[in-house]
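Enquirer: Protein chains in written order, with my numbering: chain A, 11 to 349; chain B, 11 to 349. Note that beta-carbon positions come from the ideal geometry of N, C-alpha and C, so glycine has one too.
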DNA sequence: TAAATTTGCAAAAACGTTTTCGTAAAAACG
DNA sequence: CGTTTTTACGAAAACGTTTTTGCAAATTTA
């Protein structure tokens, strides 16, 4: 039904090759012919078929987005959509197609990322929510498919990365806590194997040590970035130590901070009256909960945008692979009090 | 690099047509040959190229999702991502490809939806965030591309629709207000031309009239589903009438309810002490704000899922086009008090 | 057993592009 | 003016599938 390149060619009295050259701004064509072709294109309301182009052309403009958590339903902890927002902002500005591959943590039979990409002639992929040890990710890197990982600090052949400077940001918020005279800290950490957990821990330790303090292993609670686990662990911690061991909880995500706050309240204590709490991420609800959460704001939309931009660069020139640091901001609200 | 259907054919000693028949479960093939083909497929690690299939096959498994608001950044009012979540849940269960077309309300030069679909050999589209009068939508319907619209009650040739029963839900929440002795209501309405606005207004009126009450035009404030506009209008309304005219604000979205609550507070009044407020949607933050908002919960993930399922049905059999009603639930929280 | 039907597959034609190759005509050169 | 180079284009070969067509061989029917 729709006009094809053949229709345009016939209408303009040229060959399809010439039409293609006109569309793609190639050299081998005279200005007059080009104009004639464009006139026909307009008259017939022709638009190139993206699928056919994808098949024929070696260099595709398809990028893949591999995102975990999309299929899970968590009412608050939906970070992926902001990334997507940023990614789409870039791709719609730059005429890139995107294919989303929602991975499910539960589903065992996930398809290999590489397979997903090859099936779709994908030029490169943005990956979020994975750990460094992910086997499918390794396979993707080995296949030399350009990719950008979010929040995993690694740079390699055709692989770049975008994240905030987790070390610096964590040090900064810890400094803030210490400057408010909190010397006994309890860390609510994420998944033990996640790169962000390692980095944020490093930042917290840097701050603590440069202030002549230290954190015992007993005061690091790994909670897998889960609100429920954080609730449970903090509750146990307080029931065990009461107010003797820590005055503040340094949480590696807002979600876990929310769990911590709930636990503190359910133990009969108040925030920030009895315990101070900090988060990380600044998810939308963090400014609405009570007390409003002091946290590190990551602009995930920006991070998404930067990822897409970096990926495009790497696709065009593999030597562009690098670590891009996104901005962050310490949001001082009311979940921390000065001692 | 990757194995193609030709490699498999050669390896299995058959023609590519036979391989295709094996993959697609066609009849004209003997069990033995089929098995041999599958063995080769496995050995070579072959997966059919989605792009090539899309080009060749008449019946594609690509669906389009046309969604407004994706490119805009509103920190709270992000309903699209839940729809997407539901849609992807269905499509990953049913092996459908999805292409997202983020439309921007501001961008004048939007591409026609039809063009978007035809470029991508799209079998059908899910559309959200449009008004009935949208010209591109009309074009899509005329092109007889199967589609499902969310929140626009219209059923036609190859076009179905998914929404909650806005009339019934609005009547229900208004009934609740009236049963709490609120007889003087002010309606915070959405965009005047939006179908949901009309329906919800109808529901409110039904409830009001069956209770022997009525609503004057002066007590209907159109706020375009915007928090800011709702704030402004409610503020003006209260400054003009004080507490004489209405005791409760019936808002057609939670976002506008948040604006209304802010306005009430800034006028020196309290919710629900001086004014009661209800919302619609039950966005995640609604249970966290203070007071927690009494509202209608729409399960947008479910709505997304249903939309995709309905679209698939319509694609397979155009006579399946109909209006599917999704569940809703009155969430009674603390923004309404009994008089 | 001859004729008709069915089965199982190969061959080849799409699908709508991009890209390579070849070659007249035009332009530049010596 | 003859020769080389460049320009501008057509023809045709990919790209990796699905789908149509055709045809032997096997099976059923009469």
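Does the contact criterion of 3 or more C-beta pairs under 8 Å hold for the region 193-203 of chain A versus the region 223-234 of chain A?
Expert: These segments touch.
Enquirer: Can you give me the Cβ contacts of residue 33 of chain A inside the same chain, cut-off strictly under 7 Å, excluding the 5 residues immediately before and after it?
Expert: The residue labelled residue 33 of chain A in the question sits at position 23 within the first chain. These residues qualify, in order along the chain: 58.
Enquirer: Is residue 48 of chain A helix, strand or coil when you go by DSSP?
Expert: In the first chain, residue 48 of chain A corresponds to position 38, counting from 1. Residue 48 of chain A falls in the helix class under three-state DSSP.
Enquirer: With a CB to CB cut of under 7 Å and the five nearest residues on each side skipped, what residues in its chain are close to residue 31 of chain A?
Expert: For this step, residue 31 of chain A is matched to residue 21 along the first chain. Correct list, in chain order: 38 and 39.
Enquirer: Check residue 146 of chain B in the structure and name its three-state DSSP category.
Expert: As a working note, residue 146 of chain B is residue 136 in the second chain. The answer is helix: DSSP assigns residue 146 of chain B an H, G or I state.
Enquirer: If contact is defined by three or more beta carbon pairs under 8 Å, each pair taking one atom from either stretch, is the region 179-187 of chain A in contact with the region 211-228 of chain A?
Expert: The region 211-228 of chain A vs the region 179-187 of chain A: in contact.
Enquirer: Return the residues of the region 300-321 of chain A that lie within a Cβ-Cβ distance of less than 8 Å from chain B, sorted by chain order.
Expert: Going along the region 300-321 of chain A in chain order, one finds 300 and 311 with a Cβ nearer than 8 Å to chain B.
Enquirer: Going along the chain, which residues of the region 48-60 of chain B sit with their C-beta nearer than 9 Å to a C-beta in chain A?
Expert: Within the region 48-60 of chain B, the residues whose Cβ lies closer than 9 Å to some Cβ of chain A are 55, 57, 58, 59 and 60, listed in chain order.
Enquirer: In terms of DSSP beta bridges, what is residue 310 of chain B paired with?
Expert: Here residue 310 of chain B refers to the residue found at position 300 when the second chain is read from its first residue. Paired residues: none, contrary to the question.
Enquirer: Name the one or two DSSP bridge partners that residue 288 of chain A has.
Expert: Within the first chain, the letter at position 278 stands for residue 288 of chain A. DSSP output for residue 288 of chain A lists A:260 and A:304 as bridge partner(s).
Enquirer: In the DSSP output, which residue or residues are listed as bridge partners for residue 198 of chain A?
Expert: Here residue 198 of chain A corresponds to residue number 188 of the first chain, with the count starting at 1. According to DSSP, residue 198 of chain A bridges with A:231 and A:261.
Enquirer: Taking its Cβ as the centre, do 16 or more other Cβ atoms sit within 10 Å of residue 342 of chain A, making it buried, or is it exposed?
Expert: The residue given as residue 342 of chain A occupies position 332 in the first chain. That one is exposed.
Enquirer: In chain B, what lies closer than 8 Å to residue 86 of chain A by C-beta?
Expert: What you label residue 86 of chain A is simply residue 76 of the first chain in a count that begins at 1. Per Cβ cutoff of 8 Å: 294.
Enquirer: Would you kindly check if the distance between the Cβ of residue 134 of chain A and the Cβ of residue 171 of chain A is under 8 Å?
Expert: Start at 1 with the first residue of the first chain, and residue 171 of chain A comes out as number 161. Start at 1 with the first residue of the first chain, and residue 134 of chain A comes out as number 124. Not in contact: residue 171 of chain A and residue 134 of chain A (Cβ atoms no closer than 8 Å).
Enquirer: Would you call the region 291-298 of chain A and the region 65-81 of chain A touching, i.e. three or more CB-CB distances under 8 Å?
Expert: The region 291-298 of chain A is not in contact with the region 65-81 of chain A.
Enquirer: For the candidate residues A:109, A:226, A:178 and A:227, whose alpha-carbon lies nearest to that of residue 206 of chain A?
Expert: By 1-based counting over the first chain, the position of residue 206 of chain A is 196. Cα-wise, what sits closest to residue 206 of chain A is A:178.
Enquirer: Cβ closer than 7 Å: which chain B residues qualify as neighbours of residue 298 of chain A?
Expert: Reading the first chain from its first residue, position 288 is the one you call residue 298 of chain A. What residue 298 of chain A touches in chain B: 295, 298 and 299.
Enquirer: Hey, does residue 187 of chain A have any beta-carbon neighbour from chain B nearer than 8 Å?
Expert: As a first step, residue 187 of chain A is located in the first chain; it is residue number 177 there, counting from the start. No, residue 187 of chain A does not count as interfacial toward chain B.
Enquirer: Taking the alpha helix (DSSP H) that residue 241 of chain A belongs to, which residues open and close that run?
Expert: Within the first chain, residue 241 of chain A is the residue found at index 231, counting from 1. That run of the alpha helix (DSSP H) goes 237-251.
Enquirer: Confirm, please, whether the CB-CB distance from residue 195 of chain A to residue 260 of chain A is below 8 Å.
Expert: For the purposes of this step, residue 260 of chain A is identified with residue 250 of the first chain, where counting begins at 1. For the purposes of this step, residue 195 of chain A is identified with residue 185 of the first chain, where counting begins at 1. Yes, they are a contact pair.
Enquirer: Any idea if residue 95 of chain A is buried or exposed, counting beta-carbon neighbours within 10 angstroms, 16 or more meaning buried?
Expert: Residue mapping note: residue 95 of chain A aligns to position 85 of the first chain, counting from 1. It counts as buried.
Enquirer: Comparing C-alpha positions only, which one of A:61, A:225 and A:300 sits nearest to residue 255 of chain A?
Expert: The count along the first chain starts at 1 and reaches residue 255 of chain A at position 245. If we check each option's Cα against that of residue 255 of chain A, A:225 comes out closest.
Enquirer: Nearest to residue 334 of chain B by CA position, among B:349, B:315, B:340 and B:229, is which residue?
Expert: Walking along the second chain from the start, residue 334 of chain B turns up at place 324. If we check each option's Cα against that of residue 334 of chain B, B:315 comes out closest.
Enquirer: Cβ atoms of residue 16 of chain A and residue 54 of chain A: under 8 Å apart, would you say?
Expert: As a first step, residue 54 of chain A is located in the first chain; it is residue number 44 there, counting from the start. As a first step, residue 16 of chain A is located in the first chain; it is residue number 6 there, counting from the start. No, these two residues do not count as a Cβ contact at 8 Å.
Enquirer: Could you check how far apart the C-beta atoms of residue 189 of chain A and residue 286 of chain A are, in whole angstroms? I think they sit under 8 Å.
Expert: Translated into positions along the first chain, residue 189 of chain A becomes position 179. Translated into positions along the first chain, residue 286 of chain A becomes position 276. About 12 Å separates the two Cβ atoms, so there is no contact after all.
Enquirer: Output yes if chain B places a C-beta closer than 8 Å to the C-beta of residue 106 of chain A; else output no.
Expert: Residue 106 of chain A sits at position 96 when you count from the first residue of the first chain. With 8 Å as the cut-off, residue 106 of chain A does not count as an interface residue toward chain B.
Enquirer: Checking the sheet assignment: what are the DSSP bridge partners for residue 339 of chain B?
Expert: Residue numbering aside, residue 339 of chain B sits at position 329 when the second chain is read from its first letter. Residue 339 of chain B pairs with B:307.
Enquirer: Since residue 170 of chain B is in the beta strand (DSSP E), which residue starts that stretch and which ends it?
Expert: For the purposes of this step, residue 170 of chain B is taken as the residue at position 160 of the second chain. From DSSP, the beta strand (DSSP E) with residue 170 of chain B extends over 169-174.
Enquirer: Grab me the residues of residue 239 of chain B's own chain with a C-beta within less than 6 Å of its C-beta, minus the 5 sequence neighbours each way, in chain order.
Expert: One-based indexing of the second chain puts residue 239 of chain B at position 229. Excluding positions up to five away in sequence, the list reads 233.
Enquirer: Spell out the partners DSSP gives residue 107 of chain A in its beta bridges.
Expert: Taking the first residue of the first chain as 1, we reach residue 107 of chain A at position 97. Answer is A:72.
Enquirer: Is there a Cβ from chain B that is less than 8 Å from the Cβ of residue 241 of chain A?
Expert: For the purposes of this step, residue 241 of chain A is taken as residue 231 along the first chain, with counting starting at 1. No, no contact with chain B.
Enquirer: List the endpoints of the continuous alpha helix (DSSP H) containing residue 217 of chain A.
Expert: Here the question's residue 217 of chain A lines up with position 207 in the first chain. Segment 205-220, the alpha helix (DSSP H) holding residue 217 of chain A.
Enquirer: When Cβ atoms are compared, which residues of the region 130-143 of chain B fall closer than 8 Å to chain A?
Expert: Per Cβ criterion, the list reads 130 and 131.
Enquirer: By how many angstroms is the C-alpha of residue 71 of chain B removed from the C-alpha of residue 160 of chain B?
Expert: Here residue 160 of chain B refers to the residue found at position 150 of the second chain. Here residue 71 of chain B refers to the residue found at position 61 of the second chain. Cα-Cα distance, rounded: 21 Å.
Enquirer: Just to confirm my understanding: we take residue 80 of chain B, look at its own chain, exclude 5 residues before and 5 after, and list those with CB closer than 6 Å. What are they?
Expert: Your numbering for residue 80 of chain B matches position 70 in the second chain. Counting only Cβ-Cβ distances below 6 Å, and skipping sequence neighbours, we find 90 and 112.
Enquirer: Counting only beta-carbon atoms, is residue 99 of chain B nearer than 8 Å to chain A?
Expert: Position 89 of the second chain, counted from the start, is the residue given in the question as residue 99 of chain B. Yes, because at least one Cβ of chain A sits closer than 8 Å to the Cβ of residue 99 of chain B.
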